[in-house]
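In order, the protein sequence lines correspond to chains D and R.
Position in the first sequence counted from 1, then plus 165, gives you our numbering.
Position in the second sequence counted from 1, then plus 165, gives you our numbering.
Written below as structure tokens is the structure these notes are about.
Protein chains: 2
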Amino acid sequence: MIDELKQIVGAANVLTGADMARYASDWTGKYVSQPLAVARPANTAEVSALVKWANRTGTPVVPVSGNSGLAGGTKADGALMISLERLKAIRDIRPQARMAIVEAGVILSDVHNAVEAQGLIFPLTFGAKGSAMIGGVLSTNAGGSNVLRYGNTRDLVLGIEAVLPTGEVMDIMSELHKDNSGYNLRHLLIGAEGTLGIITAAVLKLHPKPRAYATAMVAAPSLPAALDLLNRLQEVTGGCVEAFEYMPRLHIEVHKEIKPGAREPFDEPHEINILVEVGVTAPRDAIPGPDGQAPVAAYLEQVLADMFEEGAVLDAVVAQNEAQRREMWERREAAAEISLSRKPAIVSDIAVPLDKVDTFLTIMETRLPQVDPGARPVIVSHLGDGNIHYSVWPASQDEQVHDAIIEAVEEEVRKLGGSFSAEHGIGVSKLPSMRRRKNPVALAAMRAIKAALDPNGILNPGKLLP
Amino acid sequence: MIDELKQIVGAANVLTGADMARYASDWTGKYVSQPLAVARPANTAEVSALVKWANRTGTPVVPVSGNSGLAGGTKADGALMISLERLKAIRDIRPQARMAIVEAGVILSDVHNAVEAQGLIFPLTFGAKGSAMIGGVLSTNAGGSNVLRYGNTRDLVLGIEAVLPTGEVMDIMSELHKDNSGYNLRHLLIGAEGTLGIITAAVLKLHPKPRAYATAMVAAPSLPAALDLLNRLQEVTGGCVEAFEYMPRLHIEVHKEIKPGAREPFDEPHEINILVEVGVTAPRDAIPGPDGQAPVAAYLEQVLADMFEEGAVLDAVVAQNEAQRREMWERREAAAEISLSRKPAIVSDIAVPLDKVDTFLTIMETRLPQVDPGARPVIVSHLGDGNIHYSVWPASQDEQVHDAIIEAVEEEVRKLGGSFSAEHGIGVSKLPSMRRRKNPVALAAMRAIKAALDPNGILNPGKLLP
């Protein structure tokens, strides 16, 4: 078997035993597995040859690129891992058409750097950008910080090339903004977590690089008032709000405890603290005046002052320089450290409709103490996406109580029409939730599609579908 | 059989014979068929019961809503037509969450009116908006005039409810902006032309209503220069360009011939004439000053003046009032009359990458005379989408030559990575193109999905897939 793999990718690119270590364990360390081997193909044709071999021999295949997922999607016991890391060409950047054509093994931050040199951005970004690769980014439909303005990965891709479970190469590397010729297979493979095909290349949409940002901390009287603020800011900026991040009181307090020098955002403490960032491309909004301030910042100040007068905003501070902006972002970016500063922390990644975030949190104020009296929620939310990272510090040390907390969170999310996996995907970690909570008709349709495209069940088996 | 249908939807809602006339012929009059019967269910449960009956009896089913398609997607010989027209509830409008929940039989312009009363827009719009219904709009992934800014139908839908070919109801009426829990079945059914399921309801995304528009006619020195202009306008307006419509010299000339009072857009004739419209939501851009002009118009004038100085624009006229704006739009909207003012006209609906429109048109300048010396192209293009309505007035009266023209157009489009169906879909009209030009691996995958979800092949058979 190893010999056959070596014939396809060359002896140096078939790893076994201890050489597989960095592929066989993901970065969280939670998912450690025993692959059969790791193959590192040089191009799409070699990926195709490997998958054809696997399909013929009935060998499970697990694709891996940056391996920075959070859901165990690359767990590979008894499987051939196909690493996309050598497919690392940026094939083309076409600034006038606002697109980049890249292979699956290109690191996300390398895409950022290459297109920024052309005055453009690929706006998708998140913590693991320095190791995540395009293949995994697409396969998990990754989210991150700029989804509010630019959408998820799905919204930033025009075309893909993928090796199907039979080993055939499906070249739908469309560069088109309009194409109504049959089922949308691109959207089917994006977010399929490598269970329907291995994405080997993609056509990415680019956007103009904002010339200036205006950033503020805002205290709102309520979450519905905060949503009004977002809608109003979207209206007056023409949809240029890039971040709208909610941090409750506890976030601010723990931040001060664990970070030396961390400060309150306002003179008085407030319950609802929101980080707002607006990005503008128009020179008239961006070029600083004699006072050194970009017009967008003065403009944001004016909107916030108007809303303060109306009582729709309780307090607001606009960053006057990059240091003040960094301070605001550092407070937000400390979220993971804050939630993990006490152990155990029960984490979740949920989404509800935009106007139901308040309802969800209010319900949980009653429900959580019923399950575990004394438990405390540690929350941070991409409020503009309805995405809440709702973590809990339990009072009880009983694992059954911890499971009951997850159950309660997911049940209330379901009642509000929400999702138990907003951006991290299913992998193996959310299979129980998928089994219990996914609409059964939709789940059956997914299984039918999987069986139709992958009759031998070789591609990333045991992931996504329970 | 008719009795069974009557038991499901009531006697008054099963039509046969002459009563079927308005369903059995589409508005183009090109696709006339002989359905078995037309059933008009009142709700999703009745749609489900009808489809279960059809699946059990092996009866073909053709869904129909507004019946305003251009591709023959509702041709229904020997089939049960299921009309969605009675599913006409606007179930909910939630302005704060920017969404509307509507049923398949709601007419597009009724959605427009209902949400505009709330200061919002559902931006999708096209000529047939007064008869097209949401079910068909989603099933064909309809395009239209505002795609440049807001995307196709696909980009404006958060969730759907659909009756699958087995008759099961799939309720994925998500109101979420983020949901990574399994394959994206919404995107699979949108644009599937009723072959994978009958969409019965949808959650639509709404946008703020622009407060003011600035509209201009611009003469550009070349199509690449025009694309630069678009990119620059997108940059300075933060992506607020709503229309960017290219009309070549011939369009202007024929317009003057066929429309009394029609005028040249500029003092001097130009080859490349572009209608630009920018829509703004910010009060500071929209509220007219003492001169009655909204700031956005002055602003657009400034950008165009700067580009004129650089030679990137040859001439430009900004509409100073609504009458001037209407005149600009009437010139564009005369496109269908212009292309059909001589018979025969060979029409097409193609898309190429944004930066290949010029290449395509240049190639056709050589290729078209080789196929039919004396033939003239009549072009209008949604230039910002890469979508060209490339019609031809042939010199030859020979139908084989006309077929050769279509063949030449589609072949050059294919070489440039384009699509033979940008926005109208496949239906029955583009089945030959689908057979000859669609990527065969993608086509095989589509067939596998169709067979998996519709094993008895009852839903809209003979459409979309050759």
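Even glycine gets a Cβ: it sits at the ideal position worked out from N, Cα and C.
Quick caveat, the model's predicted, so the values are computed rather than measured.
### Task
Taking VAL522 of chain D and SER546 of chain D to be in contact with their CB atoms under 8 Å, please state how far apart those CB atoms are, rounded to whole angstroms.
6 Å
### Message
Does the structure place the segment 379 to 389 of chain D close enough to the segment 451 to 468 of chain D that three or more beta carbon pairs sit under 8 Å?
### Response
yes
### Message
When you compare the CB of VAL334 of chain R with every CB in chain D, is at least one pair closer than 9 Å?
### Response
yes
### Task
Could you tell me the distance, in whole angstroms, from the CA atom of ASP393 of chain R to the CA atom of GLY549 of chain R?
11 Å
### Task
Would you kindly work out how many angstroms separate the C-alpha atoms of PRO225 of chain D and PRO626 of chain D, rounded to a whole number?
7 Å
### Query
Closest by CA to ARG449 of chain D, which one among D:PRO425, D:GLU400 and D:PRO375?
D:PRO375
### Message
Give me the chain D residues within the contact set of ASP393 of chain R, using Cβ-Cβ distance strictly less than 8 Å, ordered along the chain.
### Response
GLN261
### Task
Evaluate VAL401 of chain R with the Cβ neighbour count: other Cβ atoms within 10 Å of its Cβ, from every protein chain shown; 16 or more gives buried, anything less gives exposed.
buried
### Query
Among all the DSSP beta bridges, which residues are the ones paired with ARG259 of chain R?
R:MET264
### Task
Output the boundary residues of the alpha helix (DSSP H) element that contains ARG414 of chain R.
414 to 423
#### Entry: Residues in the segment 418 to 437 of chain D having any Cβ partner in chain R nearer than 9 Å
none
### Query
How big is the Cα-Cα spacing for HIS554 of chain D and SER248 of chain R?
43 Å
#### Entry: Residue from D:PRO260, D:LEU533, D:ALA183 and D:LEU608 whose Cα sits closest to the Cα of LEU395 of chain R
D:PRO260
### Query
Hey, is THR527 of chain R's beta-carbon within less than 9 Å of any beta-carbon in chain D?
no
### Message
Tell me which residues share the same chain as ALA427 of chain D and place their Cβ nearer than 6 Å to its Cβ, disregarding the 5 neighbours each side in the sequence.
### Response
HIS420 and LYS421
### Message
Let's see if you can read the secondary structure: which residues bound the beta strand (DSSP E) around PRO228 of chain R?
### Response
226 to 229
### Message
Does chain R have any CB closer than 9 Å to the CB of SER584 of chain D?
### Response
yes
### Task
May I ask which residues mark the beginning and end of the beta strand (DSSP E) holding SER248 of chain R?
245 to 248
#### Entry: CB-CB length for VAL557 of chain D against LEU533 of chain D, believed under 8 Å
7 Å
#### Entry: Interface residues of chain D facing ALA447 of chain R [CB-CB closer than 8 Å]
GLU400, VAL401, THR402 and GLY403
### Task
Report yes or no: do three or more beta-carbon pairs, one from the segment 584 to 591 of chain D and one from the segment 185 to 197 of chain D, lie closer than 8 Å?
no
### Task
With 9 Å as the threshold, decide whether the Cβ of PRO288 of chain R is near any Cβ in chain D.
no
#### Entry: Span separating the alpha-carbon of MET166 of chain D from that of GLN172 of chain D
10 Å
### Message
Please tell me whether ALA484 of chain R has its Cβ less than 9 Å away from any Cβ of chain D.
### Response
no
### Query
Would DSSP call MET166 of chain D helix, strand or coil?
coil
### Message
I'd like to confirm the pairing. Which residues does DSSP put opposite THR380 of chain R in its beta bridges?
### Response
R:GLU442
### Extent of the continuous beta strand (DSSP E) to which ILE570 of chain R belongs
Unbroken run through ILE570 of chain R is the alpha helix (DSSP H), 564 to 580; no beta strand (DSSP E).
### Query
Should PRO425 of chain R be labelled buried (16 or more other beta-carbon atoms within 10 Å of its own) or exposed?
exposed
### Query
In chain order, which continuous runs of the beta strand (DSSP E) of length 3 or greater are located wholly inside the segment 337 to 377 of chain D?
363 to 370
### Query
Whose Cβ in chain R lies nearer than 7 Å to the Cβ of LEU629 of chain D?
GLY347
#### Entry: PRO430 of chain D versus D:TYR411, D:VAL445 and D:GLY332, residue with shortest Cα-Cα distance
D:TYR411
### Message
Suppose the cutoff is 6 Å on Cβ atoms and the five residues either side in sequence are ignored; what does the same chain contact list for ALA377 of chain R look like?
### Response
VAL445, ALA451, ALA459 and VAL461
### Task
Tell me, please, whether the CB atom of PRO389 of chain D is closer than 9 Å to any CB atom in chain R?
yes
### Task
Could you pull the start and end residues of the beta strand (DSSP E) that HIS277 of chain D belongs to?
HIS277 of chain D -> not in any beta strand (DSSP E); alpha helix (DSSP H) instead, spanning 273 to 281.
### Message
Can you check which of these residues, R:GLY332, R:LEU341 and R:PRO330, is closest to LEU321 of chain R by C-alpha distance?
### Response
R:LEU341
### Task
Below 7 Å CB to CB, which residues in the same chain sit around LEU353 of chain D once its five sequence neighbours on both sides are set aside?
LEU361
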